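Going line by line, the protein sequences match chains D and U.
To convert, take the position in the first sequence, counting from 1, and add 13; that gives my numbering.
To convert, take the position in the second sequence, counting from 1, and add 13; that gives my numbering.
Number of protein chains: 2
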Amino acid sequence: MSTTRRDTYTPETLLTVAVRIFNERGYDGTSMEHLSKAAGISKSSIYHHVSGKEELLRRAVSRALDGLFGILAEEHARVGTAVQRLEHVTRRTVEVLIAELPYVTLLLRVRGNTDTERWAMERRREFDQQVADLLKEAVADGDLRSDVELRLATRLLFGMINSIVEWYRPDARGASSGEQVADAVVQLAFAGLRSTG
Amino acid sequence: MSTTRRDTYTPETLLTVAVRIFNERGYDGTSMEHLSKAAGISKSSIYHHVSGKEELLRRAVSRALDGLFGILAEEHARVGTAVQRLEHVTRRTVEVLIAELPYVTLLLRVRGNTDTERWAMERRREFDQQVADLLKEAVADGDLRSDVELRLATRLLFGMINSIVEWYRPDARGASSGEQVADAVVQLAFAGLRSTG
């Protein structure tokens, strides 16, 4: 068993374990010892794959960031009115967040104590800024209300989206699918709770 | 100096310091030693005021919970249509959250490792449940849309509201007032981002 396990251990499965432990204990609170125990392999085996926990963090947040920035490259994020592009980006952000739940959770929780954490926060701010720019453009087009301050609207939109990592449990009985949650976010964010009938 | 400080130390100022440290280090990560250093008084002086850190936690989260449950006792939370009462409760929840920011932040972060934490989580769920009931009633009245699943809508509404503790900084330059944030939340939650003109 133990030999098989060692043989089949890949950087990918190590990353899965590391992200789980980072989310459970916090990145700062995780030692190589914790990772070694959780993965069931020795520390020297881990060092065979990666230079240390910061590399694992970089790989993990890169996966989340690649997912998010990939959205901005999609056709529907580049073509159409600003409000259409914003709706697309909102929907896809929720879908990516749910598809890459542990990775985005980690990204949203990094604190900025290391170079990698600061880089991740900087990239995340770039993403948020691009969404904020879309919101601004849609307000200028007259498609979004102008009576709510832009910065506040952006914060609240992301507040709603990012809250998903706190309560969404894909394995819960009757859990909504990523698409259902994305639909709900788009409906609420753009049209609100009130019935229009 | 030191004598004066000791003399003027009250349970109230001790609570203020304790809540700040709990929020910075996490409740689990805070020792009486940390509290003693931050407050600038000896541990035995702290024990003169309270039985330990769990009592400080109980007092702090009680302050947040009293604020929140106080809302449900207000006239506008009891009289009117369900949607009117829900709007009032939403607005006031944001205002209380901002007025009692460190206390509500702590309440939202407790993890359930001690009796006091579990009690706080239970009370918080009771509050959320009462808001969810209002939402349900307003949907039944036909005043809120029925195409978004109730549990999802409640989660997203609280997600937006609770995110405020993550980004609102009352001392930041040009910070919005509690009333401005409450207005924005009510506008977005009930009418959405889209302009109706």
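Every residue gets a Cβ at the ideal spot worked out from N, C-alpha and C, and that includes glycine.
In this text the structure is predicted, and so the values were computed from the model without any measurement.
What's the C-alpha gap between A51 (chain D) and G42 (chain D)? If I take the Cα positions, the gap works out to 14 Å.
Report buried or exposed for D156 (chain U), applying the criterion of at least 16 other Cβ atoms within 10 angstroms of its Cβ. Flag for D156 (chain U) reads buried.
What does the Cβ neighbour count give for L61 (chain U), buried or exposed, with the cut at 16 atoms within 10 Å? Contrary to the premise, residue 61 (chain U) reads as His rather than Leu in this sequence. Exposed, since its Cβ has fewer than 16 Cβ neighbours within 10 Å.
With a threshold of 8 Å, are at least 3 pairs of Cβ atoms found where one atom belongs to the segment 145 to 161 of chain D and the other to the segment 142 to 161 of chain U? Because the criterion of three Cβ pairs below 8 Å is not met, the segment 145 to 161 of chain D and the segment 142 to 161 of chain U do not touch.
Keeping to the same chain, check which residues put their C-beta closer than 7 Å to that of T106 (chain D); ignore five residues upstream and five downstream. Excluding sequence neighbours, T106 (chain D) sits near L81, I84 and I174.
I84 (chain U) CB to nearest chain D CB: under 8 Å? It does not; no Cβ of chain D falls within 8 Å.
N36 (chain D), enclosing alpha helix (DSSP H) - first and last residue: Segment P24 to R38, the alpha helix (DSSP H) holding N36 (chain D).
Along chain A, which residues have their Cβ under 9 Å away from the Cβ of V109 (chain D)? The displayed structure is made up of protein chains D and U, and chain A is not among them.
Listed by chain order, chain U residues near I177 (chain D) by CB distance under 9 Å: Chain U residues near I177 (chain D): R168, L169 and G172.
Three-state secondary structure (DSSP) at G206 (chain U)? Sequence check: residue 206 (chain U) is Leu here, not Gly. Three-state result, L206 (chain U): coil.
Counting C-beta neighbours from all protein chains within 10 Å, is the total for S168 (chain D) 16 or more, i.e. buried, or is it exposed? Reading the sequence as shown, one finds Arg at residue 168 (chain D) and not Ser. Around the C-beta of R168 (chain D), 16 or more other C-beta atoms lie within 10 Å, and the residue is accordingly described as buried.
What does DSSP give as the partner residue(s) for L157 (chain D) in the beta ladder? L157 (chain D) is bridged to U:R207.
L78 (chain U) and Y40 (chain U) look like a contact to me (Cβ under 8 Å); what is the Cβ gap, rounded to whole Å? No, L78 (chain U) and Y40 (chain U) are not in contact; Cβ-Cβ is about 16 Å, not under 8 Å.
Starting from V74 (chain U) and walking both ways along the alpha helix (DSSP H), at which residues does that stretch end? K66 to A86 is the span of the alpha helix (DSSP H), which, as asked, contains V74 (chain U).
If you measure from the beta carbon of L157 (chain U) to each beta carbon in chain D, is any gap under 8 Å? At least one chain D Cβ lies under 8 Å of L157 (chain U).
If L110 (chain D) sits next to V63 (chain D), beta carbons under 8 Å apart, how far is it from one beta carbon to the other, in whole angstroms? The Cβ separation is near 25 Å, so there is no contact.
Between V30 (chain U) and the rest of its own chain, which residues show a CB-CB distance below 6 Å, the 5 nearest in sequence each way excluded? The residues are A51 and A52.
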